[in-house]
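Chemist:
Protein chains in written order, with our numbering: chain A, 491 to 1065; chain B, 491 to 1065.
1) For residue 773 of chain A and chain B, any beta-carbon pair shorter than 7 angstroms?
2) Taking residue 1068 of chain B as the query, report the chain A residues whose CB atoms sit under 7 angstroms from its CB, ordered along the chain.
3) Which of the three DSSP states is assigned to residue 1002 of chain A in this structure?
4) List, in chain order, every chain B residue whose beta-carbon is nearer than 7 angstroms to that of residue 531 of chain A.
5) By the DSSP assignment, the alpha helix (DSSP H) with residue 702 of chain A in it spans what residues?
6) Would residue 538 of chain A pass as an interface residue toward chain B - the criterion being a Cβ-Cβ separation below 7 angstroms?
7) Starting from the C-beta of residue 929 of chain A, find all residues in its chain whose C-beta is less than 6 angstroms away, skip the five residues before and the five after it, and write them out in chain order.
8) Considering just the uninterrupted stretch of the beta strand (DSSP E) at residue 455 of chain B, what are its terminal residues?
9) Bridge partners of residue 452 of chain B, per DSSP?
10) Going along chain A in order, which residues have a C-beta closer than 9 angstroms to the C-beta of residue 779 of chain B?
11) Can you list, in chain order, the residues of its chain with a C-beta nearer than 7 angstroms to that of residue 608 of chain A? Leave out the 5 residues immediately preceding and following it.
12) Determine, for residue 535 of chain B, whether the minimum Cβ-Cβ distance to residues of chain A falls below 7 angstroms.
13) If you compare alpha carbons, which of A/566, A/752, A/613 and A/499 is closest to residue 558 of chain A?
14) Going by the DSSP bridge assignment, what does residue 855 of chain B pair with across the sheet?
15) Looking at the secondary structure, which residues open and close the beta strand (DSSP E) in which residue 745 of chain B lies?
16) Starting from the C-beta of residue 966 of chain A, find all residues in its chain whose C-beta is less than 6 angstroms away, skip the five residues before and the five after it, and write them out in chain order.
17) Which term fits residue 990 of chain A, buried or exposed, when burial requires 16 or more other beta carbons within 10 angstroms of its beta carbon?
18) State the Cα-Cα distance for the pair residue 516 of chain A and residue 601 of chain A, rounded to the nearest angstrom.
19) What does the alpha-carbon distance come out to for the pair residue 1038 of chain B and residue 674 of chain B?
20) Which residues, in order along the region 891-910 of chain A, keep a beta-carbon less than 9 angstroms from a beta-carbon of chain B?
21) Can you tell me the Cα-Cα spacing of residue 767 of chain B and residue 907 of chain B, whole angstroms?
22) Go ahead and pull the three-state DSSP assignment for residue 965 of chain A.
23) Let me know the secondary structure DSSP gives residue 497 of chain B once reduced to three states.
24) At the level of alpha carbons, what is the spacing between residue 933 of chain B and residue 690 of chain A?
25) By how many angstroms is the C-alpha of residue 792 of chain B removed from the C-alpha of residue 887 of chain A?
26) Contact criterion: CB-CB distance below 7 angstroms. Does residue 638 of chain A meet it with respect to chain B?
27) Give the interface partners of residue 937 of chain B over in chain A, defined as CB-CB distance under 8 angstroms, in chain order.
28) Between residue 722 of chain B and residue 753 of chain B, is the Cβ-Cβ spacing less than 7 angstroms?
29) Going by alpha carbons, who is nearest to residue 1026 of chain B out of B/576, B/1061, B/551 and B/634?
30) Strictly under 7 angstroms for the Cβ-Cβ distance: is residue 724 of chain A near chain B by that measure?
31) Residue 958 of chain B touches chain A at which residues, Cβ-Cβ below 9 angstroms?
32) Any contact between the region 931-950 of chain A and the region 893-904 of chain A? By contact I mean 3 or more CB pairs, one from each, below 8 angstroms.
33) Would you say residue 804 of chain B and residue 763 of chain B are within 7 angstroms of each other, going by their C-beta atoms?
34) Just curious, the beta strand (DSSP E) that residue 775 of chain A is in, first and last residue?
35) In the DSSP assignment, find the unbroken beta strand (DSSP E) run with residue 678 of chain A in it and report its ends.
36) Establish whether the CB of residue 1002 of chain B and some CB of chain A are separated by less than 7 angstroms.
Following this line, the structure appears as structure tokens:
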């Protein structure tokens, strides 16, 4: 067995970018007789990795997250110490090798050198990233923020600031984007074509854009948002900007939206924005429960491959995505805007709630999709409400509403008296065991509800879903005729009824639900890409290789990365 | 305005079934001059409903949940009191009208009268339902338990008892089923055909079976489970029995599984049972995030309509659902069973986790699908593990694994040394910004991992997903060739790779994950339906109307429903 000695060097407050550290580690490990080497910042995670590889001595344990920790493993102390002695020389050699052309030291100088640069790529260590982003936003540049380990508070602050200015911040932790044919960060070389992407998932964006290319189509732009963008805290600021840009981009025929499961509230709002984009939108919220396969112009996919396939199909037949027939809501009084659904079937109610998510936010229920939408009192509707009258609470000593219409008839009258109610939705479930002729009781109740509303100068829309077969004892056609004769719009598909109601109610809802802000100028996508690169140098090289124009900033952290000195400088700024 | 007087009568400890109460209410309300009437058990919910209709006086408030509460609204006290005085007569008339044939008073007698009855329909009030179910199970009958308001503890107890006996309890709160062409509870008249249903959702079952009929196909059997069956507590006891029955039923060509979102653990196990059923299975877990559109023989639908459409399509082309190519796992040593995935792409890791759910339970990760599967230490794998090495924790002062392979190469060696590891999975993401030639470093590492395993007498399967285009700077084909030359199985679709790995790992997993118990005899579905009905009388009438044989039990609660007396009787039994 070979003798093994570990020697450690800790350099406090020194800043080197990650490429330099990786190269130093490789060069140390490649020195004659050296067994292994580690060159990392002394974070807990990094020390654990060293420890995993038996390279963490008690000396090394002492390194803090701001310290550079260098470990050399060798068969003798001499070899290890010799290796450590070469660190300075290796670092100097790297630095000289890189200095083949003039590099501005400040972002401001870079901005003067490249007045056309609309973008900045930022990949400095996380703790510096928000400050660099603010500097760039002040120079009116859009930001591709590759850096991770940025706080949520900083993310929110810089995105809000950008939105005010009509600028976009993709990221933090944005791995990839393709703007006007040029890949930023990690991006595949993908054919130009009719599909535009917005993605809160880096490899999701890459996997889908690659598949689109493999299948023979291509993309306009692919915009990253960073993984936290679709959280409640960040409110999808960047995703909304991206959707809006692609909506306005005449070359984008189909929009693809990719994310890990977003917050329910954000998902709802994004789907509504997608609905209103007027273009076919393929949504792949990986691991998200789709309300349906399709809601109007919004299509739901469940994998990267399927997302690409659906987008291509829609791009080649976008005329097939005809807008749904217009609904007529002109007859309603101005205060009328709410839906009230009175269901006897629990899962019919549930499916309706799911589908309506794509049309209107927040439907209250006694079987709600999320707890905050639970009706405080199932007997009293509020705003949009769907009640399952077959729930246990209603059936103690009482027949199920499929057998006994009494409760629904009373509630129907109650809802019809509410001046804010516009649409009433009922299910009528036929079959053995159910009421022998439900329409004979519901139709008069519907008529009476119409009269109540009409006396008060209001129009009502009454929608009924009849679940039954032509062989059911009640007679499907006879039930439908009775309901239609009373003035109800009858559907035999719960899904189709929910969509109809969704379209109708949506026209009555104020569209201000979709956040509107200073739009990002479409020219940031359309102009030839020009950027300032701050951080990982190879990203600049990659832009050059794609014939984009780029200026790399020879960035150093303030005070050389010394945290104490930085905070003194920070305090002096305030004076 | 009409004067309005409410008069109330409270009858303590009296039992009447819900049909009688509904009819009494209607008859009272129909008496001359009576304005409205309410006849309910005095639960809080029922009193709230009365109150909503302005029918709850302080007197009525005093009624408890065991009391029958009768309210009459009339223009004068005299009319109201006259109406109340007729209650006894109306009730007596009902009772006599119903007694047109001999009815056994006890379930035991009914069982003697109908020795062929394999089923009992139970729709007594919830608090009596578990006891009645136990009585029926002791008589070796299967149960359709319509009653709701049954406790979870009782549900678990009776289902476990039934399972031991090879009997089935559909419910509680099971609204519907179709057994051998006969509808139980609420059920539509649906054509016989090749599709069998298992549903934890009553109206879901009805909506899908109706749509199947409307589209020209039909069903074999439709088995309800009750809405709580797929919870962690109940562990889908009935759903597993249903799946197993339909798997064994030669007439069922396609199985449909419907539920509101099940618990993640139960969903996983059910999907694995579905996978192993050998028949095409269409899953509509309404509001559940499908792992994919299709996993082998399991297909995911997102609405009732789509579920029906997919099932019909599969039934008419079930030969298309060819079993996937067999994977060969014969070369592994007996201790080898685990997967280790080392990803650089977070969302690729996530999609893989989603898809693997359908093959194997519980993959640990630092980006887990559920918190209990979070790796305690991201640096140490356990059982099946997928690590995202691009997570923030790994990238402080270190390049992303798409640029720097060091971390993955070290981890690969570590995993290859683990005698329980069978399959290693890597993603290799190409494109601008990424490592200029990742395969040049990964291929030797793969070879070295093979050698490590081989020296220890083990076989390894090395799977790589390459995400890249033919125009990427690394050259897609060259990367693939290097990896293949090193012995890796290479895929360009993440989804396809995940499925392959899933099949492979599944063959190495003990199949005992799927609960096996006394199977329910297939003849309970195949014999002409014969049943005992306990509770709502109209369900017996409905069975007769369908030419099924049924005996209705003239059931009364013990001690006439008097709770105090019941508990005394209960205590005496124990003596």
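Quick reminder that beta carbons are idealized off the backbone N, C-alpha and C, glycines included. Since the model is a prediction, treat every value here as computed from it, not as a measurement.
Modeler: In short:
1) no
2) Only positions 491 to 1065 of chain B appear in the structure, and residue 1068 of chain B is not among them; the question remains open.
3) With a pLDDT of only 45 at residue 1002 of chain A, under 50, the local geometry of the prediction cannot be trusted, and the value read off the model is given with reservation. Helix, per DSSP.
4) By Cβ distance, chain B contributes 886 and 887.
5) Secondary structure note for residue 702 of chain A: its alpha helix (DSSP H) is the uninterrupted segment 692-704.
6) yes
7) Cβ within range, chain order: 969, 972 and 973.
8) Beyond the ends of chain B as shown, which are 491 and 1065, falls residue 455 of chain B; an answer cannot be given.
9) No information on residue 452 of chain B is available, as it lies outside the stretch 491 to 1065 that chain B covers here.
10) 751, 775, 776, 777, 778, 779, 780 and 792
11) 631, 632, 1014, 1017 and 1020
12) For residue 535 of chain B, the nearest CB of chain A lies under 7 angstroms from its own CB, placing it at the interface with that chain.
13) A/499
14) B/864 and B/876
15) 744-749
16) 958 and 960
17) buried
18) 35 angstroms
19) 10 angstroms
20) 892, 893, 894, 896, 897, 900, 901 and 904
21) 36 angstroms
22) coil
23) Residue state, collapsed to three classes: strand.
24) 31 angstroms
25) Whole-angstrom Cα-Cα distance: 35 angstroms.
26) yes
27) Neighbours of residue 937 of chain B on chain A: none; closest Cβ ~19 angstroms, over 8 angstroms.
28) Cβ distance < 7 angstroms, so residue 722 of chain B and residue 753 of chain B count as in contact.
29) B/634
30) no
31) Within chain A, the residues placing a beta-carbon under 9 angstroms from that of residue 958 of chain B are 678, 679, 696 and 700, ordered along the chain.
32) yes
33) no
34) 771-775
35) No beta strand (DSSP E) holds residue 678 of chain A; DSSP gives it neither H nor E.
36) At residue 1002 of chain B the pLDDT is 45, less than 50, meaning the model places this residue with poor confidence; the figure from the coordinates comes in the next sentence. Not an interface residue.
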